[in-house]
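Novice:
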Amino acid sequence: MITGLAITALVLGVARLVVFVALHLVRSDYNIVEHAVSDYAVGRTRTLSSVMTWITAAFWGVLALATLVAFPDWKDLTGVVACLLALAAIFIVLPFLPTDVEGTHATTIGRLHMLAAIAWFALSYACMGNFGRLFQDASPQPWGTTLVALSWIALVSLIVLVAALVIRQARRYVFGIAERIFILSVTLFYITVAIAMLATS
Numbered sequence: 011m012i013t014g015l016a017i018t019a020l021v022l023g024v025a026r027l028v029v030f031v032a033l034h035l036v037r038s039d040y041n042i043v044e045h046a047v048s049d050y051a052v053g054r055t056r057t058l059s060s061v062m063t064w065i066t067a068a069f070w071g072v073l074a075l076a077t078l079v080a081f082p083d084w085k086d087l088t089g090v091v092a093c094l095l096a097l098a099a100i101f102i103v104l105p106f107l108p109t110d111v112e113g114t115h116a117t118t119i120g121r122l123h124m125l126a127a128i129a130w131f132a133l134s135y136a137c138m139g140n141f142g143r144l145f146q147d148a149s150p151q152p153w154g155t156t157l158v159a160l161s162w163i164a165l166v167s168l169i170v171l172v173a174a175l176v177i178r179q180a181r182r183y184v185f186g187i188a189e190r191i192f193i194l195s196v197t198l199f200y201i202t203v204a205i206a207m208l209a210t211s
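Heads up, the sequence shown is in my numbering, so the first residue is 11 and it goes up one at a time.
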């Protein structure tokens, strides 16, 4: 069962990555430096962005189930699975919470979107240390080292991202890039988790 769940999570993770890249290749009104990824959910790229979001919701849900089955005795299991399920729930509702595009007036829905985005960034990063330690202890293969490296990339990009939000002069120069590096590192991290589950099952 774990093999099937891990393969499904891997396929969904790669599918998310492919759609994420495609979102930046199709014609849009946004650029990768000044605009958040969530801006692509508004306008001509809305459908593709929604597809990515639904895929991601399924990815988190399947990964939660795979983790539950693969590591029933893991001391961090309850907290990690709860975070993964919360991430799935967040991505289910995200298409109904469109962001306020840069330069437009703030709305209640836009503020709710911001809260959801903060939650998913925090939850996805929060589990990285748990998985890194798990695979460092459970496997002689370099999965733990790879996960730790990706978690450091995520941390640095998250710090830059927050700094760009605080220092408004820096926002137009680094915000979009930092956010995309964070999202890519998170995506690659959890794809690696799925691969490590397969390799160690």
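Just so you know, even glycine gets a beta-carbon here, dropped at the ideal spot from N, CA and C.
Verify whether the separation of the beta carbon atoms of A80 and L22 is less than 7 Å.
Specialist: Remark: C-beta atoms of A80 and L22 do not approach each other more closely than 7 Å.
Novice: Relative to the alpha-carbon of I191, which residue among I201, S167, T55 has its alpha-carbon at the smallest distance?
Specialist: S167
Novice: Counting C-beta neighbours from all protein chains within 10 Å, is the total for Y183 16 or more, i.e. buried, or is it exposed?
Specialist: Under the 10 Å beta carbon count, Y183 is surrounded by fewer than 16 other beta carbons and is classified as exposed.
Novice: Could you tell me the alpha carbon to alpha carbon distance between L15 and Y50, rounded to whole angstroms?
Specialist: 30 Å
Novice: Kindly confirm or deny that the stretch 114-126 and the stretch 82-96 touch, where touching means at least three C-beta pairs closer than 8 Å.
Specialist: no
Novice: Are the stretch 188-202 and the stretch 55-64 touching by the rule of at least three beta carbon pairs closer than 8 Å?
Specialist: No, the stretch 188-202 does not touch the stretch 55-64.
Novice: Looking at the unbroken alpha helix (DSSP H) that takes in L15, where does it start and where does it end?
Specialist: 12-33
Novice: My guess is that G139 and Q146 are in contact by the Cβ rule of under 8 Å, so how many angstroms apart are they, rounded?
Specialist: Rounded, the Cβ-Cβ distance is 10 Å, inconsistent with contact.
Novice: Judging by CA-CA distance, which residue of A126, A99, V90, A98 is the nearest neighbour of A107?
Specialist: Residue identity check: residue 107 is Leu in the sequence provided, not Ala. Closest in C-alpha terms to L107, from the list A126, A99, V90, A98, comes A126.
Novice: From the DSSP output, in three-state form, read off N140 for me.
Specialist: helix
Novice: Taking 6 Å as the limit between beta carbons, can you name the residues of its chain near R181, skipping five residues before and five after?
Specialist: A174
Novice: Here's a check: name, in chain order, each residue in its chain whose Cβ is nearer than 6 Å to the Cβ of G71, leaving out the five neighbours to either side.
Specialist: Within the same chain, G71 has close Cβ partners A98.
Novice: What is the residue span of the alpha helix (DSSP H) that V90 lies within?
Specialist: Looking at the DSSP string, the run of the alpha helix (DSSP H) that includes V90 is 87-103.
Novice: Going by the beta-carbon positions, is the gap between L171 and S195 smaller than 7 Å?
Specialist: no
Novice: Taking only three categories from DSSP, how would you classify S134?
Specialist: helix
Novice: What number of angstroms, rounded off, separates the C-alpha of P121 from the C-alpha of A74?
Specialist: In the sequence under discussion, the amino acid at residue 121 is Arg, which differs from the Pro named in the question. The alpha-carbon atoms of R121 and A74 are separated by roughly 28 Å.
Novice: Give me, in chain order, the residues of the same chain whose beta-carbon lies closer than 6 Å to that of D39; leave out the 5 immediate sequence neighbours on both sides.
Specialist: G53
Novice: Going by C-alpha to C-alpha distance, which of P152, S211, A32 sits closest to M62?
Specialist: A32
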